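Input: a single structure, listed below in structure tokens.
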Amino acid sequence: MSMIRVGIADDHPVVLQGVSSLLRTQADIDIRFATGRIGELLELLLDDPVDVLVCDYEFEMDRHADGLNLLNRIRRTVPHTRVLFLSSHSSAYIVSAALDAGAAGFIGKRHEEFANLAAAIRSVNNRNVYVPDSLRSRMMSASANGSNRAGWLNRLSEKEATVVRMICEGLSISDIAGRLNRSPKTVSNQKNAGMKKLGARNDVELAKVMREAES
Numbered sequence: 001m002s003m004i005r006v007g008i009a010d011d012h013p014v015v016l017q018g019v020s021s022l023l024r025t026q027a028d029i030d031i032r033f034a035t036g037r038i039g040e041l042l043e044l045l046l047d048d049p050v051d052v053l054v055c056d057y058e059f060e061m062d063r064h065a066d067g068l069n070l071l072n073r074i075r076r077t078v079p080h081t082r083v084l085f086l087s088s089h090s091s092a093y094i095v096s097a098a099l100d101a102g103a104a105g106f107i108g109k110r111h112e113e114f115a116n117l118a119a120a121i122r123s124v125n126n127r128n129v130y131v132p133d134s135l136r137s138r139m140m141s142a143s144a145n146g147s148n149r150a151g152w153l154n155r156l157s158e159k160e161a162t163v164v165r166m167i168c169e170g171l172s173i174s175d176i177a178g179r180l181n182r183s184p185k186t187v188s189n190q191k192n193a194g195m196k197k198l199g200a201r202n203d204v205e206l207a208k209v210m211r212e213a214e215s
């Protein structure tokens with residue numbers, strides 16, 4: 001049996017332990033390391049190359065280690081390692097941007113997706129791109145409206161874009177309403193409309209989409 005060398009990186013200890021426990025039951029997967037720190041991850045990748053890296057999309061303790069920035073650092077370090085992102089933030093834009101930048105796959109942390117992690121690892125190790133059906137359908141829907149970065153932002157009206165950017169700057173609905181001379185209800189509706197168009201489910205995901213779309 002050909003063994004798949006796997007590394008795991010996630011700064012949440014519970015997730016790190018859960019992924020390790022799940023994969024240790026797979027006869028064809030050899031866990032070479034598990035770490036919660038980016039600095040250590042890059043060193044480990046050089047010292048003990050792996051076929052597939054299961055990696056969180058964002059490391060809260062490193063402001064330079066989220067999304068595409070993290071992927072670029074990993075790919076510069078070990079260009080032949082397949083990166084499978086594991087994340088609770090899975091808007092269609094974030095997934096599309098990661099795949100376009102060279103990620104081998106994207107899988108959510110929800111149980112129904114997480115349960116397929118071993119199959120996802122085998123798929124990307126065989127040079128396939130892995131995206132769960134639930135994410136694939138959202139991506140196909142979004143791509144019908146334009147998948148490039150400019151296209152995503154162009155989907156917002158001028159008023160929606162203004163509100164979304166102010167939300168991402170940390171302003172509250174009431175603060176924005178006061179500054180723009182709009183009612184809180186109007187601002188809230190414009191925010192929700194912008195989130196829907198960008199495929200973001202919450203403020204954290206909205207900030208990620210906007211940050212990467214404007215980078």
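Note that full-length UniProt numbering has the sequence shown beginning at 1, numbered continuously upward.
From the three backbone atoms N, C-alpha and C, an ideal C-beta is built for every residue, glycine too.
These numbers come from a predicted model, not from an experiment.
Please report the residue range of the beta strand (DSSP E) in which residue i lies.
i	result
residue 67	Per DSSP, residue 67 belongs to no beta strand (DSSP E); it is in the alpha helix (DSSP H), 67-77.
residue 34	29-35
residue 9	4-9
residue 86	82-87
residue 131	Note, residue 131: premise wrong, no beta strand (DSSP E); not H, not E.
If you follow the alpha helix (DSSP H) that residue i is in, where does it begin and where does it stop?
i	result
residue 119	117-125
residue 12	Premise fails: residue 12 is in no alpha helix (DSSP H) and is neither H nor E.
residue 212	203-213
residue 96	92-100
residue 162	158-168
Between residue i and the rest of its own chain, which residues show a CB-CB distance below 7 Å, the 5 nearest in sequence each way excluded?
i	result
residue 16	8, 10, 34, 36
Buried or exposed for residue i, going by 16 or more other Cβ atoms inside 10 Å?
i	result
residue 208	buried
residue 109	buried
residue 25	exposed
residue 210	buried
residue 192	exposed
residue 82	buried
residue 87	buried
Per DSSP, which one or two residues make a beta bridge with residue i?
i	result
residue 52	6, 82
residue 106	85
residue 219	This structure cannot speak to residue 219, because the chain is shown only from 1 to 215.
Does residue i come within less than 7 Å of chain D when only Cβ atoms are used?
i	result
residue 171	Reference to chain D is not applicable here, since this structure consists of a single protein chain.
Excluding sequence positions up to five away, which residues of its chain have a Cβ less than 6 Å from the Cβ of residue i?
i	result
residue 200	91, 206, 209
What residues in its chain sit with their C-beta under 8 Å from that of residue i, if we drop five residues either side in the sequence?
i	result
residue 2	28
residue 212	67, 68, 93, 94, 97, 149
May I have a chain-ordered list of the alpha helix (DSSP H) segments no shorter than 4 residues that lie completely inside the segment 175-199?
Correct list: 184-198.
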